[in-house]
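There are 2 protein chains.
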Amino acid sequence: MELLTIGDLAARSGVAPSALRFYEREGLIRSTRTTGNQRRYERHELRRVAFIRIAQQVGVSLGEIRGALAGLPENRTPTKADWARLSARWRRKLEDRITLMERLRDQLTGCIGCGCLSLQRCTLINPGDRLAERGEGPQMLINPPA
Amino acid sequence: MELLTIGDLAARSGVAPSALRFYEREGLIRSTRTTGNQRRYERHELRRVAFIRIAQQVGVSLGEIRGALAGLPENRTPTKADWARLSARWRRKLEDRITLMERLRDQLTGCIGCGCLSLQRCTLINPGDRLAERGEGPQMLINPPA
DNA sequence: CTGCAACTTGAAGTTCACTTCAACTCAAGG
DNA sequence: CCTTGAGTTGAAGTGAACTTCAAGTTGCAG
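Encoded structure:
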């Protein structure tokens with residue numbers, strides 16, 4: 001059991017075979033073929049798939065994920081260091097996203113008190129309505145001051 | 001300027017008019033009409049829109065959001081208490097999601113060390129491979145022990 | 001060697017969350 | 001009044017991320 005079939009990979013990653021084929025078409029994962037044209041995956045592709053799913057949870061599109069995975073070596077099995085580099089970058093993304101969510105949570109908490117929820121001109125969070133110049137949308141969340 | 005036009009609401013919420021019409025078709029927001037059939041929004045609809053956007057950030061579908069908003073009174077302007085109740089519920093959802101992300105982050109951090117990222121059978125996180133019975137996918141993240 | 005589950009392909013279909021379009025009407029400042 | 005920017009509709013289009021289908025092929029256990 002050197003290589004994994006698409007069914008194996010699907011079972012181990014929790015991703016449907018159809019999705020794996022789709023990922024391959026999209027250049028996110030790779031496979032070799034048997035003489036009979038069936039896909040065979042090296043075990044480290046499992047890592048790629050895991051990475052893809054993590055990134056998706058963070059809210060990253062497949063396109064961006066492809067970009068990140070392009071940072072892995074083409075012609076050799078990625079080393080621990082390769083993955084560590086990628087993971088570190090993603091950890092930062094994740095942390096940014098967590099920060100956003102925490103801000104969202106605090107915002108929500110703050111607005112339970114005043115019942116506002118308007119985000120753009122809540123007087124608690126935006127005293128004096130100084131946000132208008134900064135453009136559209138919930139600026140406090142998207143582009144918070146400091 | 002008692003009521004808001006769709007353009008006003010769009011500018012203040014940062015959501016495109018087409019999206020607002022879409023939300024209305026989907027029963028997420030409501031409007032009255034002028035004699036000439038144009039939409040007019042009460043100012044508290046801005047709160048609904050803000051709520052919708054927050055919920056979307058948390059990863060909730062419009063269908064679920066509709067369900068939540070159904071908890072608001074039909075025939076009177078929602079009070080602070082109404083919003084507070086909804087917000088409190090959402091705050092919990094948000095917190096759950098933050099917890100998931102934090103777990104994801106810690107996982108990623110842990111796996112930078114071992115270079116694994118396999119999630120399902122990483123020996124650091126799943127010593128002895130006891131996760132197989134629990135079903136498919138990255139069980140440690142979806143359905144963590146305790 | 002046979003049978004059958006698992007695999008192959010390209011094309012079309014699905015869901016979500018909107019956006020775009022065309023043709024038309026309304027609201028309001030000068 | 002007239003102009004013009006903003007608004008109206010239903011229908012169709014978009015893009016992301018897959019899934020489903022049909023018709024055929026392969027791999028391996030017995």
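Residue numbers (UniProt numbering), protein chains in the order written: chain A, 1 to 146; chain B, 1 to 146.
For every residue, glycine included, the Cβ atom is placed at its ideal position computed from N, Cα and C.
Since we're looking at a predicted model, the values are computed, not measured.
CA-CA distance, residue i and residue j?
{"i": "R40 (chain B)", "j": "S31 (chain B)", "result": "6 Å"}
{"i": "V60 (chain A)", "j": "G7 (chain B)", "result": "31 Å"}
{"i": "T77 (chain A)", "j": "R33 (chain A)", "result": "17 Å"}
{"i": "G36 (chain B)", "j": "R85 (chain B)", "result": "37 Å"}
{"i": "P73 (chain B)", "j": "I98 (chain B)", "result": "29 Å"}
{"i": "L100 (chain A)", "j": "D106 (chain A)", "result": "10 Å"}
{"i": "R89 (chain A)", "j": "A16 (chain A)", "result": "27 Å"}
{"i": "Q57 (chain A)", "j": "F51 (chain A)", "result": "10 Å"}
{"i": "R121 (chain A)", "j": "A19 (chain B)", "result": "Caution is warranted here: a pLDDT of 49 is assigned to R121 (chain A), below 50, making its placement in the model unreliable, and the coordinate value is therefore given only provisionally. Roughly 21 Å between the two C-alpha positions."}
{"i": "A70 (chain B)", "j": "R43 (chain B)", "result": "18 Å"}
{"i": "D82 (chain B)", "j": "D96 (chain A)", "result": "31 Å"}
{"i": "R48 (chain B)", "j": "G110 (chain A)", "result": "17 Å"}
{"i": "I54 (chain B)", "j": "F22 (chain A)", "result": "31 Å"}
{"i": "N75 (chain A)", "j": "G14 (chain A)", "result": "26 Å"}
{"i": "E102 (chain A)", "j": "S87 (chain A)", "result": "22 Å"}
Taking DSSP's pairing of strands, which residues face residue i in a bridge?
{"i": "L20 (chain B)", "result": "Answer is none; L20 (chain B) lacks a bridge partner."}
{"i": "T32 (chain B)", "result": "B:R40"}
{"i": "L62 (chain A)", "result": "According to DSSP, which records beta bridges pairwise, L62 (chain A) is partnered with nothing at all."}
{"i": "L3 (chain B)", "result": "According to DSSP, L3 (chain B) bridges with nothing at all."}
Please tell me whether residue i and residue j are closer than 8 Å, where the distance is taken between their beta carbons.
{"i": "L46 (chain A)", "j": "L9 (chain A)", "result": "yes"}
{"i": "L108 (chain A)", "j": "R12 (chain B)", "result": "no"}
{"i": "A62 (chain B)", "j": "L94 (chain A)", "result": "Correcting the residue type first, residue 62 (chain B) is Leu in the shown sequence and not Ala. Taking 8 Å as the Cβ cut-off, L62 (chain B) and L94 (chain A) do not qualify as a contacting pair."}
{"i": "Q38 (chain A)", "j": "T5 (chain A)", "result": "yes"}
Cβ of residue i versus every heavy atom of the ligand ADP: is any distance shorter than 7 Å?
{"i": "H44 (chain B)", "result": "Questions concerning the ligand ADP fall outside what the structure shown contains, since it holds no ligand whatsoever."}
Checklist entry - Closer than 7 Å, Cβ to any Cβ of chain A: which residues of the segment 78-110 of chain B, in chain order? => result If the cut-off is 7 Å between Cβ atoms, the segment 78-110 of chain B has K80, W83, A84, S87, A88, W90, R91, L94, E95, R97, I98, M101, E102, L104, R105, L108 and T109 near chain A.
Next on the checklist: Three or more C-beta pairs under 8 Å: does that hold for the segment 19-31 of chain B against the segment 62-69 of chain B?
Outcome noted: Result yes; three or more Cβ-Cβ pairs closer than 8 Å.
Next on the checklist: What are the residues in the segment 26-54 of chain A lying within 8 Å of chain B by C-beta distance?
Outcome noted: Answer in chain order: L46, R47, A50, F51, R53 and I54.
Checklist entry - At a Cβ cut of 9 Å, what residues of the segment 57-71 of chain A count as close to chain B, listed as they run along the chain? => result Going along the segment 57-71 of chain A in chain order, one finds Q57, V58 and G59 with a Cβ nearer than 9 Å to chain B.
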